[in-house]
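See below for the structure under consideration.
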């Protein structure tokens with residue numbers, strides 16, 4: 010059977026850094042409070058001339074270089090984002106043009122907020138598994154600073170900008186848990202909880218993007234529960250136990266949520282990629298940025314099992330099990 014394997018990763022963070030101490034000067038909070046509650050020490054913020062597409066292009070070029078590939082080798086581009094440059098065309102179409110991916114290839118965006126990369130990776134994997142593509146560029150990219158109310162201390166301390174990218178390609182597998190590549194994906198949505206994490210505007214309502222609004226305690230409660238459930242689902246589906254997991258690559262939203270999943274899997278800190286302290290919650294970009302961190306440090310060894318998991322507005326949540 011055809012599997013999709015990750016062949017390279019790339020990532021990019023804007024040069025501008027906003028620390029917790031910087032935020033102390035503009036909102037009623039303290040650096041210690043932010044770090045104790047979230048684990049975040051700083052976040053990267055896009056400059057005025059930077060966009061979601063420009064960040065994604067930089068991350069993609071690194072992924073292509075790491076794979077020794079050119080844009081002409083790519084069959085499809087899928088972007089997970091909730092902060093597109095334009096209402097249309099998609100970020101993926103603009104990235105196709107900027108990178109020089111051949112005209113006529115598949116390119117589109119996926120909107121599942123913080124779960125966007127998991128949804129995009131699942132979609133690309135389906136295209137490859139069914140033979141509709143052989144090699145895909147999958148991106149998570151955000152400029153969340155453009156939809157943050159910088160007077161709202163409950164949200165402005167949490168989010169940052171950035172982009173991560175992976176290249177996946179078709180490979181032959183036996184259809185067993187021992188195969189290399191994406192072994193299973195598990196996606197969920199619960200629109201009944203849409204109001205606890207959303208943006209205050211939209212194209213067909215206010216005509217403006219609006220700002221992020223969040224009921225923090227409710228989101229935290231549901232994140233811990235939903236992520237625990239999808240971990241159990243992934244283990245059961247693949248007939249494995251938590252002892253089989255070598256690495257957790259989680260959505261980088263909050264250190265306490267990550268720690269809850271670590272306890273669920275009985276993982277040590279050196280088995281978990283944690284980057285939230287350096288760039289905050291970058292939504293769809295956070296998992297590919299974490300993958301890039303592990304990739305460039307040669308943390309993942311051939312044959313190891315990686316569990317990717319995320320939850321975002323929608324509510325959406327999901328997981329991918331990957332053998333490196």
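Residue numbers (our numbering): 10 to 333.
Note that the Cβ used here is the ideal one computed from N, Cα and C, for glycine as well.
Predicted model, so just to flag it, every value in this text is computed and none were measured.
(request) Put residue 238 into one of helix, strand or coil per three-state DSSP. (result) Helix at residue 238.
(request) Pull up the distance between the alpha-carbon of residue 134 and that of residue 46, whole angstroms please. (result) Note on geometry: alpha-carbon atoms of residue 134 and residue 46 lie some 36 Å from one another.
(message) Just verifying my parser: in three-state terms, what is the DSSP assignment at residue 112?
(response) Residue state, collapsed to three classes: coil.
(request) In angstroms with no decimal places, state the Cα-to-Cα distance between residue 310 and residue 160. (result) Roughly 44 Å separates the two Cα atoms.
(message) So, does the region 229–246 touch the region 313–329, judging by three or more C-beta pairs under 8 Å?
(response) The answer is yes - the region 313–329 touches the region 229–246, with three or more Cβ pairs under 8 Å.
(request) Give, in chain order, every unbroken run of the beta strand (DSSP E) that is at least 3 residues long and sits entirely within the region 186–216. (result) Inside the region 186–216, DSSP marks whole beta strand (DSSP E) runs of 3 or more residues at positions 190–198 and 206–208, from first to last along the chain.
(message) I'd like to confirm the pairing. Which residues does DSSP put opposite residue 222 in its beta bridges?
(response) Bridge pairing for residue 222: 207 [DSSP].
(request) Please say whether residue 115 and residue 65 have beta carbons closer to each other than 7 Å? (result) Going by C-beta atoms, residue 65 is not nearer than 7 Å to residue 115.
(message) Rounded to the nearest angstrom, what separates residue 26 and residue 39 at their Cα positions?
(response) Taking C-alpha positions only, residue 26 is separated from residue 39 by approximately 17 Å.
(request) Verify whether the separation of the beta carbon atoms of residue 13 and residue 191 is less than 7 Å. (result) Cβ atoms of residue 13 and residue 191: closer than 7 Å.
(request) Name the residue from 289, 324 and 282 whose alpha carbon lies nearest to the alpha carbon of residue 304. (result) The shortest C-alpha separation from residue 304 is found at 282.
(request) State yes or no: is the beta carbon of residue 50 nearer than 7 Å to at least one beta carbon in chain B? (result) The chain inventory of the structure shown lacks chain B, comprising one protein chain alone.
(message) Do residue 333 and residue 124 count as a contact pair if the criterion is CB distance below 7 Å?
(response) No, these two residues do not count as a Cβ contact at 7 Å.
(message) Taking the alpha-carbon of residue 253 as reference, which of 141, 245 and 92 has the nearest alpha-carbon?
(response) For the residues 141, 245 and 92, the minimum Cα distance to residue 253 belongs to 245.
(request) Mind listing, in chain order, the continuous alpha helix (DSSP H) runs of no fewer than 4 residues lying wholly within the region 24–101? (result) Correct list: 29–33, 40–47 and 61–76.
(message) As a quick exercise: from 34, 212 and 169, pick the residue whose alpha carbon is nearest that of residue 54.
(response) It is 169.
(message) What does DSSP give as the partner residue(s) for residue 21 in the beta ladder?
(response) Note: residue 21 sits in a beta bridge opposite 172.
(message) What does the Cβ neighbour count give for residue 256, buried or exposed, with the cut at 16 atoms within 10 Å?
(response) Flag for residue 256 reads buried.
(request) Identify, in the order they occur along the chain, each residue of the same chain with its Cβ nearer than 8 Å to the Cβ of residue 60, setting aside the five sequence neighbours on each side. (result) The beta carbon of residue 60 lies closer than 8 Å to those of 94 and 152 in the same chain, with the five residues before and after it left out.
(request) Just tell me which of 268, 164 and 195 has its CA closest to the CA of residue 220. (result) Restricting attention to 268, 164 and 195, the CA atom closest to the CA of residue 220 is found in 164.
(request) Could you give the DSSP three-state label for residue 118: helix, strand or coil? (result) Annotated three-state conformation of residue 118 is strand, per DSSP.
(message) Once the 5 residues before and after residue 261 are set aside, which same chain residues still bring their CB inside 8 Å of it?
(response) Excluding five sequence positions before and after residue 261, the CB atoms of its chain that fall closer than 8 Å to its own CB belong to 267, 283, 284, 285, 288, 289, 290, 291, 295, 296, 298 and 299, given in chain order.
(message) Less than 7 Å between the beta carbons of residue 211 and residue 149, yes or no?
(response) With contacts defined by Cβ atoms closer than 7 Å, residue 211 and residue 149 do not form a contacting pair.
(message) Helix, strand or coil for residue 320? Go by DSSP, reduced to three states.
(response) Strand.
(message) Would residue 194 and residue 18 qualify as a contact pair, given that the criterion is a beta-carbon distance under 7 Å?
(response) At least 7 Å separates the beta-carbon of residue 194 from that of residue 18.
(message) Spatial neighbours of residue 231 within its chain, please: C-beta separation below 7 Å, excluding the five flanking residues on both sides.
(response) These residues qualify, in order along the chain: 202 and 324.
(request) May I have the straight-line CA-CA distance separating residue 217 from residue 11, to the nearest angstrom? (result) C-alpha separation (whole angstroms): 43 Å.
(message) Output needed for residue 76: all residues of its chain with C-beta closer than 7 Å, excluding positions within five of it in sequence on either side, in chain order.
(response) Cβ neighbours of residue 76 beyond the five flanking positions: 16, 17 and 176.
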